[in-house]
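Numbering (our numbering), first residue to last: 5 to 192.
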Amino acid sequence: RVNEELITIEEKIKEADIEKNLEETKKGYEEAVKNTKIEKVANVFEDEDIVTGKKTNITIVSLFIKTEKILYNLSLYESIPKEIASSSEEIIFYDDNFNIIEPDPLIMWNFAVVDSDIEVSYSIKKKVDSEILKDTKTVPIAKGIAEKGTSVTESANDNSLFKLIFPAFITVSIVLIVIFFHKPSIKK
Numbered sequence: 005r006v007n008e009e010l011i012t013i014e015e016k017i018k019e020a021d022i023e024k025n026l027e028e029t030k031k032g033y034e035e036a037v038k039n040t041k042i043e044k045v046a047n048v049f050e051d052e053d054i055v056t057g058k059k060t061n062i063t064i065v066s067l068f069i070k071t072e073k074i075l076y077n078l079s080l081y082e083s084i085p086k087e088i089a090s091s092s093e094e095i096i097f098y099d100d101n102f103n104i105i106e107p108d109p110l111i112m113w114n115f116a117v118v119d120s121d122i123e124v125s126y127s128i129k130k131k132v133d134s135e136i137l138k139d140t141k142t143v144p145i146a147k148g149i150a151e152k153g154t155s156v157t158e159s160a161n162d163n164s165l166f167k168l169i170f171p172a173f174i175t176v177s178i179v180l181i182v183i184f185f186h187k188p189s190i191k192k
């Protein structure tokens with residue numbers, strides 16, 4: 005019975021966390037979209053192998069992110085259509101600040117603080133038409149936003165202490181419930 009109650013409590017906590025995370029993500033997306041301008045530029049170059057003389061096209065895609073406010077914990081997602089690259093293995097990245105979310109490809113760049121304009125770039129070893137490039141989807145999501153000229157501590161969320169204490173309180177409560185309801189039997 006106690007285990008059932010604990011499982012029910014744990015499920016409710018997980019559901020609440022998921023709902024809260026979805027709301028925070030939605031808010032972070034809306035705020036980031038409202039406060040950023042993203043421009044995509046594709047430049048095609050011809051590369052020649054010095055040994056074989058074989059020529060290949062390379063398209064360098066650059067994303068220019070201009071921000072009106074300071075963005076904290078910005079995640080920038082780029083969904084790349086199969087017409088551009090059938091998998092992430094066909095893409096060359098120019099920095100270490102990316103994660104491959106799905107090899108289909110869905111890429112994410114992370115930035116702790118964005119307080120000025122940034123650029124990220126990647127390339128594909130073929131010519132990509134600018135019309136096809138419009139099919140890529142770029143989604144910014146920020147965990148926090150502040151006016152420029154504001155310090156990190158001034159822009160911190162007011163309930164940040166609550167966010168730290170609440171999970172600890174729940175954990176301690178569950179442990180106490182288990183201890184209280186679980187009375188060992190004494191054999192004589």
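Beta carbons: idealized from backbone N, C-alpha and C, even for Gly.
Keep in mind that this is a model prediction, so the values were computed, not measured.
Contacting residues, own chain, Cβ-Cβ under 6 Å from residue i (five flanking each side not counted)
i      : result
Asp139 : Pro85
Tyr81  : Met112 and Val143
Tyr33  : Ile145
Distance CB(residue i)-CB(residue j) smaller than 8 Å
i      : j      : result
Ala89  : Ile149 : no
Ile111 : Ser92  : yes
Asp99  : Val132 : no
Tyr126 : Ile104 : no
Whole-angstrom distance between residue j and residue i, CA atom to CA atom
i      : j      : result
Ser134 : Glu87  : 12 Å
Phe115 : Glu50  : 32 Å
Val65  : Val118 : 20 Å
Lys31  : Lys130 : 37 Å
Thr29  : Ile145 : 7 Å
Ala46  : Asp53  : 22 Å
Asn161 : Glu94  : Residue confidence for Asn161 is low, a pLDDT of 48 falling below 50, so the modelled location carries little weight and cannot support an answer.
Asn101 : Pro107 : 16 Å
Distance between beta carbons of residue j and residue i, contact taken as under 8 Å
i     : j      : result
Lys70 : Lys41  : 5 Å
Lys18 : Ser83  : That belief does not hold up - the Cβ atoms of Lys18 and Ser83 are roughly 28 Å apart, past 8 Å.
Lys44 : Leu137 : 6 Å
Close beta carbons around residue i, own chain, < 8 Å, minus the five adjacent residues each side
i      : result
Asp121 : Phe68, Ile69, Lys70 and Thr71
Start-to-end residues for the alpha helix (DSSP H) that takes in residue i
i      : result
Ser134 : Ser134 to Leu137
Own chain, CB closer than 7 Å to residue i, minus 5 neighbours either side, in chain order
i      : result
Lys152 : Lys73, Ile74 and Asp119
First through last residue of the beta strand (DSSP E) which encompasses residue i
i      : result
Asp108 : Looking at the DSSP string, Asp108 is not in any beta strand (DSSP E), and its letter there is neither H nor E.
Pro85  : Element bounds for Pro85: n/a, residue is neither H nor E.
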